[in-house]
Amino acid sequence: MIRIKENILDKNTIAIEVDGVLDQVAIPVLETVCDRNLVAEKRVVLNLEGVLHITREGRGFLRGIEEKVQIDNLPKFMKLEQEC
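Heads up: the sequence shown begins at 2 in the working numbering, then just goes up one per residue.
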């Protein structure tokens, strides 16, 4: 289960707070929110501080959008996996 909250930081920037599990069910929801803001030419800041688990599909999704959005508070467990 995932919770997504959008916060307007300024007229050009949207922060998206994500809580819960980023899995194959949650990816399409998060992708829709990100895409809607990117199409509107907003700068997207994806805050993952509340993410408890990221599946393989979730990791792939994040790697696929990391050039388009700013990813903040990447969970330590994901950072460790990237270093290996």
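Each residue gets a CB set at the ideal place from its N, CA and C atoms; glycine is no exception.
Using the C-alpha atoms, what's the distance from residue j back to residue i?
| i | j | result |
| --- | --- | --- |
| Gly65 | Ile55 | 14 Å |
| Glu67 | Pro29 | 16 Å |
| Asn38 | Ala27 | 17 Å |
| Phe78 | Val40 | 31 Å |
Under 7 Å Cβ to Cβ from residue i, same chain only, skipping five residues before and after it: list those, please.
| i | result |
| --- | --- |
| Asp24 | Thr56, Glu58, Gly59 |
| Leu53 | Gly21, Val22 |
| Leu75 | Leu49 |
Give me the residue from the options with the minimum Cα distance to residue i.
| i | options | result |
| --- | --- | --- |
| Leu51 | Val19, Phe78, Glu32 | The sequence as given places Gly at residue 51; Leu does not occur at that position. Selected option, being the one with the closest Cα: Val19. |
| Leu63 | Val40, Glu42, Glu32 | Glu32 |
| Phe7 | Val26, Leu47, Ala27 | In the sequence as displayed, the identity of residue 7 is Glu instead of Phe. Residue Leu47 is the option with its Cα nearest to Glu7. |
| Gln71 | Met79, Leu49, Leu53, Lys77 | Leu49 |
| Val45 | Val22, Phe78, Gly61, Lys69 | Lys69 |
| Val22 | Asp36, Met2, Leu10 | Met2 |
| Val34 | Asn74, Arg4, Gly61, Asp73 | Arg4 |
Excluding the five sequence neighbours on either side, which residues of its own chain have a C-beta within less than 8 Å of the C-beta of residue i, listed in chain order?
| i | result |
| --- | --- |
| Lys43 | Asn13, Thr14, Ile15 |
| Leu10 | Ala16, Val46 |
What span of residues does the beta strand (DSSP E) with residue i cover, start to end?
| i | result |
| --- | --- |
| Asn38 | Not the beta strand (DSSP E): Asn38 falls in the alpha helix (DSSP H), residues 28-40. |
| Leu23 | 14-23 |
Within the continuous alpha helix (DSSP H) that includes residue i, where are the two ends?
| i | result |
| --- | --- |
| Ile63 | Just to set this straight, residue 63 is Leu in the shown sequence, not Ile. Segment 57-66, the alpha helix (DSSP H) holding Leu63. |
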